[in-house]
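Each remark here refers to the structure printed beneath this line.
Residue numbers (the numbering used here): 451 to 688.
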């Protein structure tokens, strides 16, 4: 029975892929009378640019991360025991401040690093633009993340490190960790918070870009340029 189900699933997936590719092949080629691959790629880039301009800029505001449940940076598992222990001994205010400054560092860093994301979008060549157009609601964002995340991380990490110092997160967490490590019968911790917040901040950025891409894909009113209307009208047909 299980074997039959697996065979059915495989056949179904292959058929679905074949149908998608058939749809993609039927879309007009470059130089076609309706729309070409280059124009589709330009429309996808514009959608990503809108995600940066409209959504990522929200993250740069005070509480842009901290009060946004989609992207709020919470403590890594290693530090959750630190948070609980400090609260148990009456240091809740310090624990609260420790969580807040992690988000403050991300907010400050995104403000400085927004041009990095803009340049990353400009440098992308969508060789498979039509497949992306007919993909999931965040297909272009996923493509951007896959192509740029490693390079963005190396550029973003020192910005986060600088922001830690700028907003005082490094001093607050040095004090927090010291107090925790001095508590009897606890195991010392020394987490790499710069690395952790860098990854979380990048996740937040891509989450917000994807939110705007989804808006453009699903709401006609969000297609505010002729190019977006033209490109995503194709998506609506299939």
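All C-beta atoms, glycine included, are put in the ideal place defined by N, C-alpha and C. Just so we're clear, the structure is a prediction, and the values are computed from it rather than from any experiment.
- Around the beta carbon of residue 688, fewer than 16 other beta carbons sit within 10 angstroms, so the residue counts as exposed.
- Residue 568 and residue 502 have their alpha carbons spaced roughly 7 Å apart.
- Each of 609, 590, 632, 512 was checked against the Cα of residue 663, and the nearest Cα belongs to 590.
- Setting aside the 5 residues that flank it on each side, residue 653 is surrounded in the same chain by 521, each with a C-beta closer than 8 Å to its C-beta; the list follows chain order.
- Restricting attention to 508, 528, 580, the CA atom closest to the CA of residue 640 is found in 528.
- In the three-state DSSP reduction, residue 634 falls in the coil class, being neither helix nor strand.
- Residue nearest to residue 678 within the set 583, 556, 623 is 583 (criterion: CA-CA distance).
- Sequence-distant Cβ neighbours of residue 631 in its own chain, meaning closer than 6 Å and more than five residues away, are 638.
- Of the residues 486, 497, 506, 562, the one whose Cα lies closest to the Cα of residue 605 is 562.
- Beyond the five residues adjoining it in sequence on each side, residue 597 comes within less than 7 Å, by CB distance, of 574 in the same chain, given in chain order.
- In the DSSP assignment, residue 580 falls within the alpha helix (DSSP H) that extends over 579-583.
- Boundaries of the alpha helix (DSSP H) around residue 534: 527-538.
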